[in-house]
Amino acid sequence: MTALQRVFVLTGAGISAESGLGTFRDRGGIWSRFDPMQLATPEAFARDPELVHEFYNLRRSGVVAASPNAAHTALARLENGLHERGATLFLCTQNVDDLHERAGSRAVTHMHGEILKARCLACDAVMPWQDDLLVATPCPACGETGSMRPDIVWFGEMPKHLDAIDAALRAADLFVAIGTSGAVYPAAGYVALARALGIPTCELNLEPSDNTTHFDEAHYGPASVVVPQWVE
Ligand code: BJW
C-alpha cells in the first residue's frame, strides 16, 4: 500500500450488512422478498407511487437507525492515511446509505444516489430528506405535489457521476471491490476495465462474487474483519 498513489475502492451492500442494512441478492436479501421490477424502476413509480414510497420509507428509516461498522471506519482511516502522504482514495459506492460519510469518509461518490435526499420531478431540486415521503408531500422548492421521489438510481436509469468515475478508474493504480456481487452494471464491469488497463485488482467479500475470476487477489470473510485487516 505504501507506494500507491491513487486507490479506487468500489463498495456495495455487503459493507453495510453488519450495520443491519439488508443486501439485495443474498439468501433472504431484499430482492428475494420484494420484486425489484415492482419497486425499483421509474415505471413502477409511475404505476404505484404509494407502494414505492412505502418501500423506500421503510428503507430510509432503517438507514437513519443504522450505524457505521468497522469496515466503514477502516476506509475513512485509509483515506486519511493516503492524504497524509499526498496520495488519494476515490471511494465509489453503489450504496444509497450515508454510513461512509458518518464513519468519517470525506469524499464519497454515490453512483446509485442517496436515500437521504429527495428530488422533485417538477423542478429538479434535490434536497436532504430524512422523513417519510408521501404522494401528497409538496415540493418545498416549487410547491408541486405528487412530484417528490427518492434521489436514487432505479433500473433503467443512468447512474450518477459516470465521467468522474471513469476518469478516476483510468488513473488508478489499484482497484478494490468490497461487498458487491458484481451483478449490476455498469459497476459490475469496472473490474474487467481495470484489468484491461493493467491495474491490479482485489476483492474483499463474504464469498466469491460473480466477477471473482477477474481479481488478482481476494480475501473472503465479513467486511468488518477483512477490510480493517487489508487497510492495516
Ligand atoms: C458481504 C457481507 C459481509 C454479504 N461482508 N460482504 C449491461 C451493461 C449495462 C447495463 C446493463 C447490462 N445488463 C443489464 C443492464 C441494466 C441494469 C443491470 O445491470 N441489470 C442487471 C440486474 C443485469 N443496470 C441498470 O439499469 C443501471 N443503469 C444503466 O445501466 O444505465 C444505462 C447505462 C448503460 C451503459 C453505461 C452506463 C449506463 C442502473 C442500476 C441501478 C441499480 N439500482 C439498485 C437499487 C438502488 C436503490 C435501492 O437501494 O433500492 O442499486 S439495485 C441494487 O443492486 C442497488 C445496489 O446498489 C445494486 C448492486 O448490489 P450490490 O451492492 O452488489 O449488492 P448485492 O446484494 O448484489 O451483493 C452483496 C454482496 O455482499 C454479495 O456478494 C455478498 O456475498 C456480500 N456480502 N454480507 C462482506 N458481511
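Using the UniProt record's numbering, you'd call the opening residue of the sequence shown number 1 and step up by one each time.
Think of the CB as a built atom: it goes at the ideal place given N, C-alpha and C, for glycine as much as any other residue.
Since we're looking at a predicted model, the values are computed, not measured.
Contact annotation, D131 with I115: C-beta distance approximately 12 Å; criterion of less than 8 Å not satisfied. Between A223 and N205, the alpha-carbon positions lie close to 7 Å from each other.
Looking at the DSSP output, A118 bridges to M127, P150. Taking C-alpha positions only, Y190 is separated from L10 by approximately 9 Å. Here the C-alpha atom of S147 lies approximately 14 Å from the C-alpha atom of W129.
Counting every other CB atom within 10 Å of its CB across the protein chains shown gives V135 a total below 16, marking it as exposed.
Within the region 157–204, the runs of alpha helix (DSSP H) at least 4 residues long that lie entirely inside it are, in chain order, 162–171, 190–196. Considered as a whole, the region 9–50 harbours 30–33, 36–39, 42–47 as its complete alpha helix (DSSP H) runs of no fewer than 4 residues, in chain order. Annotation for S181 indicates a beta carbon within 6 Å of some heavy atom of the ligand BJW. Nearest to N211 by C-alpha distance, out of A177, A103, H100, is A177. For H72, the enclosing alpha helix (DSSP H) has its first and last residue at 70–84. By the neighbour-count definition (other C-beta atoms within 10 Å, threshold 16), D163 is an exposed residue. For the pair P228 and A70, the CB atoms are nearer than the 7 Å cut-off. Counted as a single uninterrupted DSSP element, the stretch harbouring A87 is not any alpha helix (DSSP H), since DSSP gives it neither H nor E. Listed in chain order, the non-local C-beta contacts of H214 below 7 Å within the same chain comprise V191, A192, R195, T201, local neighbours out to five positions each way being set aside. Of the candidates V184, A183, W154, W154 places its Cα closest to the Cα of A44.
In this chain, the beta strand (DSSP E) harbouring H219 covers 217–220. Nearest in C-alpha terms to S105, of all of A118, F8, H72, A122, is H72.
CA-to-CA, the gap between L174 and A187 works out to about 16 Å.
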